[in-house]
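Below is one structure, written out as structure tokens; the observations come after it.
Residue numbers (our numbering), protein chains in the order written: chain A, 30 to 245; chain B, 618 to 1119.
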């Protein structure tokens, strides 16, 4: 199945109302530094392209870049790691989000029920916890709210280890945005927002990675 | 399609009636004749024998025209084309085909089923089945099925992909006294599916809640849209088979159904306002509760109990549910203080702690139900006195020690309490669920017996009452959100004012 690059995935999602951070795709280290200054430090830098799916495994994600020099070096190194198979690539510069809680949200196409919006608890234990809820797109606000309320691990959604409660309005906006995308664009086969990090700063759920898969 | 011809036929013909009491063709005719059906009954039989006093015809062409609406088909699959054509000529508009040898029977069967469906279509006949157990309709006293039981009349409409679940639900109806309006086994559902029956039940004035068993889903999206429209009119309880990999393998061999992720089905149910149950008792009790109790306006629940331990366990069940264990309002506590000695619990659960006198229970139930912050009541402890009465009545001292008066008093009291719970519920429009294991341990106890006589379900445990009440609250909440959405969108009416069928 064809996929969109992280940047294209995010821009498609943003057009349908999924709240995302201020991110830039640049093509050289100097532009990466300029982007980081506009966004504000610290930032993350990732190599980004339509054919790149497993960034972490390939070492194509650089976190906690705190100043010009770190950004410049990281961008240069990432671009040098691109292979011929990766095709057109750029460096995605984004604000560094930190938070100890991770959620997953997404869209999938069920053979019987069609497009479904998914929300679950993320992180390394996600599969073992298996706390996932679904609704059929399109979602109403009430559907989105009931998905959030239905997660078993509700304690994770309240104030947690010194971090604020999850911003439920923000989470609802993510789910409604996914629903809107499914309805507006039948060519989308699945969307994976993994992880959706709950910001330690304000509890907003932020998609730090996004992958849109298109129907073949 | 003429569902009226299926559920309220003017007359019924059994095609393939048999004189052998072990054959379906005998049992079907027996059940139709034995359960009080008032319409005309005819039957066909190859030999033209008299079966159960009915002079059968050899040839369906001998039947009078315009007298019968339904044919109950017990003939072998190969004969059924002729049967349906002959019946159509006599003005028959619905066929329940119990014959096997169709979609469940390999490639040739699938082909035969396709032809049967096309034929029914051509004849403009409603086709139920094939390979189904039958149809029940208590408003017409119709028991056209090849199995028992015939349930008491009531407000629950049943449709099932598995005929034996129809029997299970109806056995529970017979046990509890909460009855059934219509019931049908969809069989292979060649032409008429469970969703078709549910849509008809939604419009049926004799049905106030539907209860369905589903195994396979052919077009999930379509099912979702249709069932959402059904629940907008009436509550719908669904029991779904094949929720685990083991169950899915069983379903694939039973109805040939392929499964989606059960969590998607579950989400679909929430979204469509379907009440999903996970076993047969939970499903029946949810439906029975919808059929007999008003919907709660909120989650705030109060437990009234004559014993502390039951109250504690029930408080746990409520707290673990989506219901709310209401902190007793001060004015309600003060009001109850007037009726009880100070040792009562003075909180929720309201544990009367043996402080009650003759009229305390009805008085407390009324005070609680009338309080504006209370949405629902679970009442525990019914039948204790009658249980003692039973022991006295059966014991060696009953005859000579003047125990008859106290025994009668105990039984009268429990009957009063059960009656009061029902009356106060109707008067306040709030659900009051009565739970005691005596409902099944000693159904003749005056307490549960009077609950049954009031038309309501006596729950066999507080947990099951809480579960049923939670289902009602979810439905009411969904209905409220849905109503509010409709009002914003199109000025539609709020449907929270659904009357109790009590």
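Note that CB positions come from ideal geometry on N, CA and C, so glycine has one too.
CB contact flag (residue 219 of chain A, residue 168 of chain A, <7 Å): no
Local conformation of residue 1082 of chain B per DSSP, three classes: helix
Own chain, CB closer than 7 Å to residue 683 of chain B, minus 5 neighbours either side, in chain order: Only 708 meet the Cβ criterion.
Residues, ordered as in the chain, of the segment 877–903 of chain B that lie near chain A by beta-carbon distance below 9 Å: 877, 878, 880, 881, 882, 883, 884, 885, 887, 888, 889
Cross-chain neighbours of residue 175 of chain A in chain B, by beta carbon under 7 Å: 887
Alpha helix (DSSP H) segments (min. 4 residues) lying fully within the segment 77–161 of chain A: Counting only runs of 4 or more residues that sit fully inside the segment 77–161 of chain A, the alpha helix (DSSP H) segments are 97–110, 155–158, in chain order.
Pick from A:103, A:79, A:96 that is closest to residue 89 of chain A, judged by C-alpha positions: A:103
Separation of residue 188 of chain A from residue 231 of chain A, as counted between CA atoms: 11 Å
Beta-ladder partner(s) of residue 762 of chain B, from DSSP: B:751
Interface partners of residue 143 of chain A on chain B, CB under 8 Å: 837, 838
Meets three-Cβ-pair contact criterion under 8 Å: the segment 910–921 of chain B and the segment 840–848 of chain B: These segments do not touch.
Test: residue 1015 of chain B CB closer than 7 Å to a CB of chain A: Taking Cβ atoms only, chain A never reaches closer than 7 Å to residue 1015 of chain B, which makes this a no.
Backbone secondary structure at residue 682 of chain B - three-state DSSP: Of the three classes helix, strand and coil, the one that applies to residue 682 of chain B here is coil, per DSSP.
Local Cβ density within 10 Å of residue 777 of chain B, reported as buried at 16 or more and exposed below that: buried
Contact the segment 730–748 of chain B vs the segment 712–720 of chain B: 3+ CB pairs below 8 Å: yes
Contacts of residue 139 of chain A in chain B (Cβ-Cβ under 8 Å): In chain order: 837, 877, 878, 881.
Segment limits, beta strand (DSSP E) that includes residue 774 of chain B: According to the DSSP assignment, residue 774 of chain B belongs to the beta strand (DSSP E) that extends over 770–777.
Residue 966 of chain B versus residue 153 of chain A: straight-line alpha-carbon distance, rounded: The alpha-carbon of residue 966 of chain B is positioned some 42 Å away from that of residue 153 of chain A.
When B:755, B:680, B:945 are compared against residue 917 of chain B, the one with the closest alpha-carbon: B:945
Ordered list of alpha helix (DSSP H) runs contained in the segment 916–974 of chain B, each at least 4 residues: If only complete runs of 4 or more residues are kept, the segment 916–974 of chain B shows the alpha helix (DSSP H) at 925–937, 947–954, in order along the chain.
Neighbouring residues, chain A, relative to residue 834 of chain B (Cβ below 7 Å): 141
Near-chain B residues of the segment 153–177 of chain A - C-beta to any C-beta below 7 Å: 161, 162, 163, 164, 165, 169, 171, 172, 175
Residue burial classification, residue 93 of chain A (beta-carbon count within 10 angstroms, cutoff 16): exposed
Pairwise C-alpha distance: residue 818 of chain B and residue 288 of chain A: As shown, chain A starts at 30 and ends at 245. That puts residue 288 of chain A outside it, with no answer to give.
Which listed residue (B:751, B:808, B:757) has its alpha carbon closest to that of residue 742 of chain B: Of B:751, B:808, B:757, the residue nearest in Cα terms is B:808.
7 Å Cβ cutoff, residue 841 of chain B in contact with chain A: For residue 841 of chain B, the nearest CB of chain A lies under 7 Å from its own CB, placing it at the interface with that chain.
Selected residue, minimal CA-CA separation from residue 141 of chain A, among B:935, B:835, B:885, B:1064: Comparing Cα-Cα distances from residue 141 of chain A to each of B:935, B:835, B:885, B:1064, the minimum goes to B:835.
Inter-residue Cα distance where the pair is residue 995 of chain B and residue 1080 of chain B: 10 Å
Cutoff 8 Å; reference residue 693 of chain B; Cβ partners in own chain excluding five residues on either side: 633, 716, 718
Per-residue burial, residue 939 of chain B [other beta carbons within 10 Å of its own, 16 or more giving buried]: Under this definition residue 939 of chain B is an exposed residue.
Burial state of residue 113 of chain A (16 or more Cβ within 10 Å): With fewer than 16 other Cβ atoms from the protein chains shown falling within 10 Å of its own Cβ, residue 113 of chain A counts as exposed.
Buried/exposed call for residue 781 of chain B, threshold 16 Cβ in 10 Å: exposed
Counterpart residues of residue 892 of chain B in DSSP-defined beta bridges: B:854
Closest residue to residue 1045 of chain B among B:764, B:913, B:623, B:812 (Cα-Cα distance): B:913
Distance, residue 181 of chain A Cα to residue 228 of chain A Cα: 21 Å
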